[in-house]
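Q: In the numbering used here, the protein residues as written are 7 to 678.
Where is the CB? At the ideal position from N, CA and C, for every residue including glycine.
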Ligand SMILES: [Zn+2]
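Spelled out as structure tokens, the structure:
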């Protein structure tokens, strides 16, 4: 039997032939891909010719072609559509891939060639992009331990392998906890819930094989439940289950894993000669050092906490007015905040919801990209990996740009959250390779599917990442698309959220699901006026998580991360009725892999820039100003990692921003 993963994909746009890929194909395909990569690297390392950029760096860029293809398919499926076979494969692949990557960085002959090029770099006549790729390749080898010797190198290889295994286990435990829990609701339990929540709960019940509605731990179901359910007892039960993910005891408990992960990361940093894991990790980010991160977070923390404390007082009074003689609890916040929003801004989520249909919001994201960058979107009739996933061809001026896949609905086989990935990245080396970009979300299914305003923002956010991939225009795959500093990568995504706030976009696309009428201008204005509502809460839950992440990695590893988390929260004066947005046992950003470890602050670092970048459009009085959009594409969206992030931003805006635009954007500049 042939293995579809190893064939040439003679399909429209070279899309993976999903219908013919069987789970049993992945292990042999991965083995073949690793063998091919090893052979290619061996040829480069053994080349008798003097190292050149072409025979070493460019050749290395192409060595993992098959691996990129196989892994591109596999990791998209294991995140968006897991099953026991794929879970087992993921556990099997983690140490294999770690060993493979260590083997390459530990290849002394290969590193000698890269190092030789690095020393001679000024005389090689390289283009700017080639110089950048050489610099990043050399840096990445050094940071991976290529310059280490003997026992230190062996130990580092072991540490990295163990970290890969632990990250996979953390992710799978979390998915298991999220998949297993639900709370059935009787008719009496529906009190306070608007129709859209009841309908989403019934759909969730069907998915779980239950006769009636249920609440699951999916954010787009549990958050509206907490906002609207008048049953304090049920809110407490749901909230406790939601925040206990990864700490329920038994096989899926993540607490011991977090301690081991932090200890190994600290050891990794020590082996490489860094003071702490945060110092190691932040060296290559825009922030540069733990101190710069802490300074930003604390500048935001103080006004945010002051705002949250003032808000807590208001909400407590509302709780007491309801005859509940108790302190405001975390499961009360969203409920009373929703009531207060209705009272103070005359804004009701249930009134808003019919205007935010999924399909209309997809159209709004596409339409904004058309006006800004001239992109066009055409639905494709192709078989994908799940019936809920949809694909579009993206073109400009009749030329193919990318394939965009949107996979929007929550299901038990999908990990939580929302993300963007490229099943294939843009590059020009070895042919004009166009990207296949995927947006995955977890919206509650409904008929029609109605989003919250937050959900719609998430859709725009992920689409901003997708644009970063789709508009990428570089030669080398290693610096393509979102291959940029972590604290810069959220700029395109967070910036794109601003177009959802453009009145003309709302007027055109926010239409009533039943009547088709556009959103009334008074409702639209009330929505936009309430944009910074409850920002104290939102900022506090986020910054607390970011500070805990930073503390975990800035210094010796804590032996008991749960106790360390509590100590950080006590030190910063965490308000009693707010919890971290992600507590340690389910803090996937930090523990599922290295992506956002000592890096959860990145969203806020990028926000400093996104607030300022959108102001560039506002200053010229047109959110679709062609000249500003062209600069955005040229210096940021098409540039990938071809230069340092601050250089790219400065090229776009003429200067770097201060924190003021962020505080203003969050309405925290007025807090005493
Ligand atoms: Zn993002």
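What does the shell around ligand 1 hold, if a residue joins when its beta-carbon is under 6 Å from any heavy atom?
A: Cβ atoms closer than 6 Å to ligand 1 belong to 467, 471, 496, 499.
Q: Taking the alpha carbon of residue 586 as the reference point, which residue from 554, 577, 605, 480 has its own alpha carbon closest?
A: If we check each option's Cα against that of residue 586, 554 comes out closest.
Q: Residue 662: buried (16+ other C-beta within 10 angstroms of its C-beta) or exposed?
A: With fewer than 16 Cβ atoms within 10 Å of its Cβ, residue 662 is classed as exposed.
Q: For residue 668, which residues from the same chain have a beta carbon less than 6 Å from its beta carbon, with the 5 sequence-adjacent residues on both sides left out?
A: Taken in chain order, the residues that qualify are 613, 614, 617.
Q: Quick one: Cα of residue 193 to Cα of residue 526, how far?
A: Going from the Cα of residue 193 to the Cα of residue 526 covers about 33 Å.
Q: Quick one: any contact between the segment 433-447 and the segment 396-411, if contact means 3 or more CB pairs under 8 Å?
A: At 8 Å Cβ cutoff, the stretches touch.
Q: Do the segment 478-496 and the segment 424-433 touch if we need at least three Cβ pairs shorter than 8 Å?
A: With the cut-off at 8 Å, the segment 478-496 and the segment 424-433 touch.
Q: Please report how far the alpha carbon of residue 674 lies from the alpha carbon of residue 626, in whole angstroms.
A: About 25 Å.
Q: Extract the residue ranges of the alpha helix (DSSP H) inside the segment 509-577, only unbroken runs of 4 or more that lie entirely within it.
A: Segments of the alpha helix (DSSP H) lying fully in the segment 509-577: 509-515, 527-535, 541-559.
Q: Where residue 450 and residue 206 are concerned, what is the direct C-alpha to C-alpha distance, given to the nearest angstrom?
A: Each residue's alpha carbon lies about 6 Å from the other.
Q: Going by beta carbon distance, what residues of the same chain come within less than 7 Å of residue 678, once the five residues before and after it are set aside?
A: Unreliable positioning characterises residue 678 in this predicted model, as indicated by a pLDDT of 48, which lies under 50. The coordinate reading is nonetheless provided below. So the list reads 312, once near-sequence residues are dropped.
Q: Check whether the Cβ atoms of residue 498 and residue 452 sit closer than 8 Å, and answer yes or no.
A: Their beta carbons are not under 8 Å apart, which means residue 498 does not touch residue 452 by this criterion.
Q: Around the C-beta of residue 304, are 16 or more other C-beta atoms found within 10 angstroms, so that it is buried, or is it exposed?
A: Its Cβ having fewer than 16 others within 10 Å, residue 304 is exposed.
Q: Would you please state the rounded distance, in angstroms, between the beta carbons of residue 341 and residue 233? I believe it to be under 8 Å.
A: Confirmed, Cβ separation roughly 6 Å.
Q: Can you check whether the CB of residue 287 is closer than 8 Å to the CB of residue 559?
A: It is a contact, given that the beta carbons lie within the stated cut-off.
Q: Using the three-state DSSP reduction, which class does residue 331 fall into: helix, strand or coil?
A: If DSSP states are grouped into helix, strand and coil, residue 331 belongs with coil.
Q: What does the alpha-carbon distance come out to for the pair residue 599 and residue 672?
A: Distance between the alpha carbons of residue 599 and residue 672 is about 30 Å.
Q: Could you say which of 464, 243, 54, 495 lies nearest to residue 474 if we only look at CA atoms?
A: The shortest Cα separation from residue 474 among 464, 243, 54, 495 belongs to 495.
Q: Excluding the 5 residues flanking residue 539 on each side, which residues of the same chain have their C-beta closer than 7 Å to its C-beta?
A: If we look at residue 539 and ignore the five residues flanking it on each side, its Cβ neighbours are 347, 351.
Q: Assign residue 166 to one of two classes, buried (16 or more other C-beta atoms within 10 Å of its C-beta) or exposed (fewer than that).
A: Answer is buried; the Cβ neighbour count reaches 16.
Q: For the alpha helix (DSSP H) containing residue 190, name the first residue and the last one.
A: Unbroken run through residue 190 is the beta strand (DSSP E), 188-190; no alpha helix (DSSP H).
Q: Check whether the segment 379-390 and the segment 12-31 are in contact - that is, three or more C-beta pairs closer than 8 Å.
A: Segments in contact, yes.
Q: Identify the residues that DSSP records as bridge partners of residue 427: which are they?
A: Residue 427 pairs with 444.
Q: Under a Cβ-count criterion, where at least 16 other Cβ atoms within 10 Å of its own Cβ denotes burial, should residue 534 be classed as buried or exposed?
A: Residue 534 should be labelled exposed.
Q: Whose C-beta lies closer than 7 Å to the C-beta of residue 14 among residues of the same chain, with five residues either side of it excluded?
A: Here the set comprises nothing.
Q: Are the Cβ atoms of residue 512 and residue 530 separated by less than 8 Å?
A: Cβ distance < 8 Å, so residue 512 and residue 530 count as in contact.
Q: Quick check on this structure: which residue in 121, 328, 413, 323 has the alpha carbon closest to the alpha carbon of residue 82?
A: Ranking the options by Cα distance to residue 82, first place goes to 413.
Q: From residue 435 to residue 117, what does the alpha carbon distance come to, in whole angstroms?
A: Distance between the alpha carbons of residue 435 and residue 117 is about 22 Å.
Q: Which of the three DSSP states, helix, strand or coil, is assigned to residue 336?
A: DSSP places residue 336 in helix when its eight states are reduced to three.
Q: Applying the criterion that 16 or more other CB atoms from any shown protein chain within 10 Å of the CB defines a buried residue, is residue 326 buried or exposed?
A: So residue 326 ends up on the exposed side.
Q: For residue 148, tell me which candidate among 592, 108, 226 has the shortest Cα-Cα distance.
A: Minimum Cα distance to residue 148 is reached at 108.
Q: Flag this pair as touching only if the segment 120-136 and the segment 55-64 have three or more C-beta atom pairs under 8 Å; answer yes or no.
A: Short answer: they touch.
Q: Residue ranges of each beta strand (DSSP E) run of no fewer than 3 residues wholly in the segment 433-478, ordered along the chain?
A: Whole beta strand (DSSP E) segments, 3+ residues: 442-449.
Q: Residue range of the beta strand (DSSP E) that residue 19 falls in?
A: Where residue 19 is concerned, there is no enclosing beta strand (DSSP E), given that its DSSP letter is neither H nor E.
Q: Between the alpha carbons of residue 467 and residue 54, how many angstroms are there, rounded?
A: Approximately 48 Å, taken between the alpha carbons.
Q: Do residue 244 and residue 292 have their CB atoms nearer than 8 Å?
A: No, Cβ-Cβ distance for residue 244 and residue 292 is not below 8 Å.
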